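This report refers to the structure that appears directly beneath it.
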Amino acid sequence: MTPKSLFQRGLPLFILVTMALFQPVPVRGETTPPPPLEVSQGIDQKIHNLSKLQDAMDSLTREIVEAQNEMSTPGGRGREQLLTARITQLNGKLFDLEQNFNDLSSEISFNSMDKSQDLDFDWGRELKDILRPLVRELQRATSRPREIEKHRSDIEGYDQQLELINRAMGRISKLMKASTCPPKLKERLNQTLSTWENRQNELETLKNISRLQLDKISRESETLSETIRKVPRIFFKSHGSNLLLAMVSFMFVAFILFRLHGLIRKISPFHKKGQSFYVRVFDLGYGLFSTFICFSVLLGVLYFFSDWVLLSLILFFMIGLIWTSKETLPRVWNQGRLILNLGPVREGELVVYNGIPYIVQSINIYTLIYNPFIPSGRIRLPIADLLNLRSRPVDPNEPWFPTKINDWVLLDNDNPARVLSQTPETVIIEMIGGARISYTTPNYISSAPVNLSSGFRIKILFGLDYGLQAIITEKVPGIMKSSIESELFKGGFREQITFIRVAFKQAASSSLDIEIAVDFDGASARDYVMIKRLIQKACVETCNSENWVIPFNQLTVHMENNKHS
Numbered sequence: 001m002t003p004k005s006l007f008q009r010g011l012p013l014f015i016l017v018t019m020a021l022f023q024p025v026p027v028r029g030e031t032t033p034p035p036p037l038e039v040s041q042g043i044d045q046k047i048h049n050l051s052k053l054q055d056a057m058d059s060l061t062r063e064i065v066e067a068q069n070e071m072s073t074p075g076g077r078g079r080e081q082l083l084t085a086r087i088t089q090l091n092g093k094l095f096d097l098e099q100n101f102n103d104l105s106s107e108i109s110f111n112s113m114d115k116s117q118d119l120d121f122d123w124g125r126e127l128k129d130i131l132r133p134l135v136r137e138l139q140r141a142t143s144r145p146r147e148i149e150k151h152r153s154d155i156e157g158y159d160q161q162l163e164l165i166n167r168a169m170g171r172i173s174k175l176m177k178a179s180t181c182p183p184k185l186k187e188r189l190n191q192t193l194s195t196w197e198n199r200q201n202e203l204e205t206l207k208n209i210s211r212l213q214l215d216k217i218s219r220e221s222e223t224l225s226e227t228i229r230k231v232p233r234i235f236f237k238s239h240g241s242n243l244l245l246a247m248v249s250f251m252f253v254a255f256i257l258f259r260l261h262g263l264i265r266k267i268s269p270f271h272k273k274g275q276s277f278y279v280r281v282f283d284l285g286y287g288l289f290s291t292f293i294c295f296s297v298l299l300g301v302l303y304f305f306s307d308w309v310l311l312s313l314i315l316f317f318m319i320g321l322i323w324t325s326k327e328t329l330p331r332v333w334n335q336g337r338l339i340l341n342l343g344p345v346r347e348g349e350l351v352v353y354n355g356i357p358y359i360v361q362s363i364n365i366y367t368l369i370y371n372p373f374i375p376s377g378r379i380r381l382p383i384a385d386l387l388n389l390r391s392r393p394v395d396p397n398e399p400w401f402p403t404k405i406n407d408w409v410l411l412d413n414d415n416p417a418r419v420l421s422q423t424p425e426t427v428i429i430e431m432i433g434g435a436r437i438s439y440t441t442p443n444y445i446s447s448a449p450v451n452l453s454s455g456f457r458i459k460i461l462f463g464l465d466y467g468l469q470a471i472i473t474e475k476v477p478g479i480m481k482s483s484i485e486s487e488l489f490k491g492g493f494r495e496q497i498t499f500i501r502v503a504f505k506q507a508a509s510s511s512l513d514i515e516i517a518v519d520f521d522g523a524s525a526r527d528y529v530m531i532k533r534l535i536q537k538a539c540v541e542t543c544n545s546e547n548w549v550i551p552f553n554q555l556t557v558h559m560e561n562n563k564h565s
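In structure tokens form, the structure reads like this:
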């Protein structure tokens, strides 16, 4: 699973958990009644609003009675369907007004007390019952902004309707004031105007109720500092205390089981014999059993305190893990094989990691590997990193690293340098004179450094003139060898020389070449450049004392004189 998909799946759950944790909810069967409606204007304003609401209810009642009476008169024949629809509509409005009247007078809503449930079993309903605590917490967390937006929207709608009513009443009044309006029509228009006035009073009452509730919510809004101060109390009041106790129980049981496993490993005769296959099976099974017990304790604590919100969240989280495990099951299986020492990487064998050979010391959730030639070459790897590696048995003469600390090496510039430090990531060498060069360890190994500390050979090819052809194979090498030995002995390298040879090598195009090969032990590695210079010096001084000519590359042109008759 990619980090992006994990983020997309985890963000909604995180938001839901955060909202649920920081909301005070009752536990163990408690119920929380809705807060009472406080009217800032006092009892007089409430009575005024209730009076207007009562007038609107009486007006609707009269309209219903008139419609019912009209239906029973001869004038209502043929209009039964229309009158029935109107009576139904008026009854719905009357019911809403009665609900508002009750809510305003008692400050308690009938709807909040309606707990009727369907007792028939239904899978969909059962799932909704499981999700209801989570949804309820989410609704409760967002109730204030939703309620504010609802009241604002209602007030805006009431204003629009009142504007239309005012227009309608103005037009009706204009018609009634016209001189041409007959008395009978004026009487009918007066009834219509009364109907609009009743509707106006109804809407103004509803608008006042919504404005009062909006003012109440705005007045109860807390500042950010007050909210922050209340967070600890709210948190530990309900979900926080339950979650804290569950986590403490989880960690306590995990600690006990961990210590018990350590005691078993200490006193068990099977563990003292080494990491056998059966010991690994026991350790793996014990880890799985411990994980099951710890999570059971976590869920059991939440179940005991009847915290269905956290319990549902954790259960859904575990179900999600089980559902996604079908994709990671092969990887988990391979990791289990590695822990049992049955995988492609096994303990005690050699494995190459980042181009460096290591010994596999132990395989577990975190695997330990080390390189004996690197002081800090002990690495702890997660077991997932071993899935793409392969190990093999260790050879007794295994080259673990090209160099050791304080070894002298020869790199591409043909100048010796001392190894100051080498780690799995970096190798630092010091040139003669103090200059330091840092290499990444893979680049250092790929440069194939020549280790001079284990001994080295200096080989020089020296050319002489063809005039020495008669003595080049016997006399010249002997004289050269004696001169080179004398010069190296004077330089203090008598004890470091392990082998010296001077012999004729080849007849080149413009010189007769002799080969000089001198072997030294590692103690003289620092003087590698000076030794080469001493050998060259001895060769030149010998040529000077013996009057031997040192040739140089030259081109000889032979010209033939042709005589023409």
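Using the numbering used here, read the sequence shown as starting at 1 and increasing by one per residue. C-beta: ideal position from N, C-alpha, C; glycine also. The structure presented is a predicted model; accordingly, all values stated were derived computationally and were not measured.
- DSSP places VAL419 in no alpha helix (DSSP H) but in the uninterrupted beta strand (DSSP E) bounded by 416 to 422.
- Assignment of GLN506 by DSSP, reduced to helix, strand and coil, places it in the strand class.
- Rounded to whole angstroms, ASN91 and ARG77 show a C-alpha spacing of 21 Å.
- Leaving aside the five residues that flank ARG380 on each side, the residues in its chain whose CB is nearer than 8 Å to its CB run, in chain order, TYR366, THR367, LEU368.
- Counting along the chain, PHE520 sits inside the beta strand (DSSP E) bounded by residues 512 to 520.
- In the structure shown, TRP400 adopts coil according to DSSP, grouped into three states.
- A straight-line Cα-Cα distance of about 24 Å links ASN354 and ARG436.
- Non-local C-beta neighbours of TYR466 in its own chain, meaning closer than 7 Å and more than five positions away in sequence, comprise LEU512, ordered along the chain.
- Membership of SER376 in any alpha helix (DSSP H) is not indicated, and neither H nor E is assigned to it by DSSP.
- In the same chain as PRO382, and ignoring 5 residues on each side of it, the C-beta atoms closer than 8 Å to its own belong to ILE365, TYR366, THR367, in chain order.
- At the C-beta level, ILE432 and LEU420 stay beyond 8 Å of one another.
- The C-beta of CYS181 has fewer than 16 other C-beta atoms within 10 Å across all chains shown, which makes the residue exposed.
- Excluding sequence positions up to five before and after GLN506, its CB lies within less than 6 Å of the CB of ASP513, all in the same chain and listed in chain order.
- Rounded to whole angstroms, the Cβ separation of ASN443 and VAL409 is 14 Å, and the two are not in contact under 8 Å.
- In terms of Cα proximity to ILE339, the closest of TRP323, ILE319, VAL360 is VAL360.
- For PRO442, there is no enclosing beta strand (DSSP E); the residue is found in the alpha helix (DSSP H) stretching over 441 to 446.
- For the pair ASN190 and PRO145, the Cα-to-Cα distance works out to about 43 Å.
- Taking all protein chains shown into account, ASP407 has 16 or more neighbouring C-beta atoms within 10 Å of its C-beta and is therefore buried.
- In the DSSP annotation of this structure, the continuous segment of the beta strand (DSSP E) that includes TYR353 starts and ends at 350 to 353.
- ILE472 counts as buried, since no fewer than 16 other beta carbons sit within 10 angstroms of its beta carbon.
- In this structure, the beta-carbon distance from LEU288 to ILE314 does not fall below 8 Å.
- Excluding residues up to 5 positions away in sequence, ILE500 lie with their Cβ nearer than 7 Å to the Cβ of GLU485 in the same chain.
- The residues LEU411, ASP412, TYR439, in chain order, have a CB closer than 8 Å to that of SER447 in the same chain once the five nearest residues on each side in sequence are set aside.
- Taking all protein chains in view, the Cβ of LYS207 is crowded by 16 or more other Cβ atoms within 10 Å, so the residue is classified as buried.
- A check of alpha carbon separations from GLY492 across ASP527, VAL351, ALA517, VAL502 identifies ASP527 as the nearest.
- Its Cα nearest to that of VAL540, the residue ILE460 stands out among ILE460, PRO416, LEU53.
- Contact between SER391 and LEU350 holds, with the beta-carbon distance rounding to 6 Å and staying under 8 Å.
- Using a 10 angstroms sphere on the CB of GLN45, the tally of other CB atoms stays under 16, which defines it as exposed.
- The secondary-structure analysis by DSSP pairs TRP408 across a beta bridge with ARG418.
- Bridge partners of ASN190 according to DSSP: none are assigned.
- Using a Cβ distance threshold of 8 Å, VAL518 and ILE535 count as a contacting pair.
- In summary, SER59 is buried, with 16 or more beta-carbon neighbours lying within 10 Å of its beta-carbon over all protein chains present.
- Taking ASP55 as reference, the option from LEU97, SER306, ILE87, PHE520 with the minimal CA-CA separation is LEU97.
- In this structure, ILE155 sits near SER210, with a CB-CB distance shorter than 8 Å.
- C-alpha of PRO372 to C-alpha of PRO393: approximately 16 Å in a straight line.
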